[in-house]
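Protein chains in written order, with the working numbering: chain A, 1 to 307; chain B, 1001 to 1307.
Quick look at the structure:
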């Protein structure tokens, strides 16, 4: 089944994830208009062959699908349904594919607003990071009506290698993503706690990495983030502030559901301490630097003096 | 290099780990005497071709190597150096291979006691569980002098598939093991928190397992323990009380080192809550049952009515 190149797509949000996703759709032969509040981001998209839009509404003009890749529910609502928003510019019966991480209640609310305008809504948070966004190999944790899945299919195929169809209404995809974020956030903080503890015990940290990644203490995040600590490279691949936000959403959900999430609560405090120490925009492995600074523990220093 | 079948080995502790380790050594052609305070355990060892010893001292009589697989440092000290202990029965210049999980200070103290008797001491905690103990495929996180490694080699080769040589003195192996236990303990508790949270959100838990094990939220422990929750099978492969003990050691080390281990502290409280609720001897995934009981969340029930 070839790509239907007559489909018009709009994408709002051309950040580290959105730009790669937009370019994957262009590469698949789709007509894509892209907008971001950063003009540099829009120009980067234009340089790669995309149509540079001047607003969310312009990106969405007569679009069959609008992909929203902004940071949270509030931004998603503004770019879709606010003044000059994308939704009212879309082709009637079009489909919104909303990728922001948010509480399921918010996803349900946005879906209701879309449906009131005669649009379909796919709750479709992603996993995979910027590298997989760029290569069109993201994982979508998606839920929505059969019509929403059908309407979004061309964009999903272009951006993702795995599309989980998790249920027939908005909110389920968001819930899966939040469960993943709870674990991811705890595991990064645990990796940082363990590595700084190991440093305090005087262990060879590269050896710790070798042993733990082959042992029962391993996690996807330990394996992925600890090299940042070993290389003393805190350039943000994903920032501390992502987890102050996402574990904050877990906390809100826990209070709303009257459900205790003790480890997520503790991990959130560790991210907040790291942000409070001025490292909110640094790589999320900076929790290790925060702990090392408090305890006077030496972590690896950058190899060159250029940094 | 063939096995030196003239070597005499003693092993003290024939529990879920020790029995498999003892049998691996018998299978490798070594002469092994085994003792446990449980007579049934000694008989199980005898049925597999091992020499049934009547005491720790008897197991260690003229032994070149004594392997200690008891639950903690205090038990290790008693069986080695207490009245009727193993150490004084060993061949002069023999090697103690101590596998219990303990704080590095305790490993150093036991090594000092061994050396005062003219014996070598290998600090050699293990990872891999009962299945790998039975097949001789354990991982050893070992440290000690060159002589201790050389003296213990035949036993290490018979019991393990991977032997990390982590340093030239006792305590380093113990430290690596404690870093692993910190992570393992946090990850099991996080898996239980995430799965019960998912249940509260009404998600399909088997689908959660499928999605998370393919996503960035995965951990070795999530992948290994969550099936116990899905199958409602809390038969102890490893018990809650192992982690009240091991995270307790992490707490002791943290206080001694003045180093905060916030996630480990939180996880320990979750294991203690589970033990307090009467599940200390059940599988460590019982943290999920504890949370589900508190919050009135339904987890999977056993498939049959026989349980």
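Even for Gly, the Cβ is constructed at its ideal location relative to N, Cα and C. Here the structure is a predicted model, which means the values were calculated and not measured.
Asked: I need the straight-line Cα distance from residue 307(A) to residue 229(A), nearest angstrom please.; Found: Unreliable placement is indicated for residue 307(A), whose pLDDT of 43 sits below 50; no coordinate value is reported for it.
Asked: Within 7 Å (strictly less), CB to CB, does residue 1060(B) reach chain A?; Found: no
Asked: Helix, strand or coil for residue 192(A) per DSSP?; Found: helix
Asked: Three-state secondary structure (DSSP) at residue 1034(B)?; Found: strand
Asked: Find the residues of chain B that neighbour residue 270(A), judging by a C-beta separation of less than 8 Å, and give them in chain order.; Found: 1262 and 1263
Asked: Between residue 264(A) and residue 182(A), what straight-line distance do the alpha-carbon atoms span, to the nearest angstrom?; Found: 6 Å
Asked: Under 7 Å Cβ-Cβ, which residues of chain A neighbour residue 1144(B)?; Found: By Cβ distance, chain A contributes nothing, its closest Cβ being about 16 Å from residue 1144(B), past 7 Å.
Asked: Could you pull the start and end residues of the alpha helix (DSSP H) that residue 1026(B) belongs to?; Found: 1018 to 1027
Asked: Could you have a look at residue 1215(B) and say whether DSSP puts it in helix, strand or coil?; Found: coil
Asked: List, in chain order, every chain B residue whose beta-carbon is nearer than 7 Å to that of residue 164(A).; Found: 1211
Asked: Can we say the segment 1108 to 1118 of chain B touches the segment 202 to 211 of chain A, given the rule of at least three CB pairs closer than 8 Å?; Found: no
Asked: Going along chain A in order, which residues have a C-beta closer than 9 Å to the C-beta of residue 1193(B)?; Found: 182, 183, 186, 260, 261, 262, 263 and 264
Asked: Please name the residue or residues paired with residue 1162(B) in a DSSP beta bridge.; Found: 1139(B)
Asked: So, with DSSP's three-state summary, where would you put residue 275(A)?; Found: helix
Asked: Might you give, ordered along the chain, the residues of its own chain that have their beta carbon closer than 7 Å to the beta carbon of residue 112(A), omitting 5 neighbours on each side?; Found: none
Asked: Pick helix, strand or coil for residue 1250(B), following the three-state DSSP scheme.; Found: helix
Asked: Does DSSP put residue 1127(B) in a helix, a strand or coil?; Found: strand
Asked: Should residue 1136(B) and residue 1155(B) be called a contact, given that it needs their Cβ atoms to be closer than 7 Å?; Found: no
Asked: Taking 7 Å as the limit between beta carbons, can you name the residues of its chain near residue 1212(B), skipping five residues before and five after?; Found: 1218 and 1222
Asked: For the segment 1256 to 1275 of chain B against the segment 247 to 261 of chain A, are there 3 or more C-beta pairs whose distance is under 8 Å?; Found: no
Asked: Within this structure, are the beta carbons of residue 1101(B) and residue 1246(B) separated by less than 7 Å?; Found: yes
Asked: How big is the Cα-Cα spacing for residue 1(A) and residue 153(A)?; Found: Residue confidence is low: residue 1(A) scores 47 on pLDDT, short of 50, so the model does not pin down where it sits. Its coordinate-derived value is still stated next. In a straight line, the C-alpha of residue 1(A) is about 12 Å away from that of residue 153(A).
Asked: Using DSSP's beta-bridge definition, name the partner residues of residue 98(A).; Found: 68(A) and 123(A)
Asked: Closer than 9 Å, Cβ to Cβ, to anything on chain A: give me those residues from the segment 1243 to 1259 of chain B, in chain order.; Found: 1250, 1253, 1254, 1257, 1258 and 1259
Asked: Applying a beta-carbon distance threshold of less than 7 Å, which residues of chain E neighbour residue 207(A)?; Found: Structure shown: chain E not included; protein chains present are A and B.
Asked: Where does residue 10(A) sit, in a helix, a strand or coil, going by DSSP?; Found: strand
Asked: To the nearest angstrom, how far is it from the Cα of residue 1176(B) to the Cα of residue 89(A)?; Found: 59 Å
Asked: Output the distance between the C-alpha atoms of residue 173(A) and residue 166(A), rounded to the nearest integer angstrom.; Found: 6 Å
Asked: Mind checking residue 1387(B): buried by the 16 CB within 10 Å criterion, or exposed?; Found: Past the edges of chain B, shown from 1001 to 1307, lies residue 1387(B), and the structure says nothing about it.
Asked: So with Cβ pairs under 7 Å, would you call residue 1(A) a contact of chain B?; Found: Below a pLDDT of 50, predicted positions are generally treated as unreliable, and residue 1(A), at 47, falls in that range; no measurement from the model is reported.
Asked: Using a Cβ-Cβ cut-off of less than 7 Å, list which residues of the segment 1137 to 1161 of chain B approach chain A; keep chain order.; Found: 1139 and 1141
Asked: Can you give me, in chain order, the residues of the segment 86 to 118 of chain A that have a beta carbon less than 8 Å from any beta carbon in chain B?; Found: 104
Asked: Output the distance between the C-alpha atoms of residue 69(A) and residue 1014(B), rounded to the nearest integer angstrom.; Found: 57 Å
Asked: Given a cut-off of 7 Å on the beta-carbon distance, is the pair residue 123(A) and residue 94(A) in contact?; Found: no
Asked: What are the boundary residues of the alpha helix (DSSP H) that includes residue 1076(B)?; Found: 1073 to 1081
Asked: What span of residues does the alpha helix (DSSP H) with residue 1040(B) cover, start to end?; Found: 1039 to 1047
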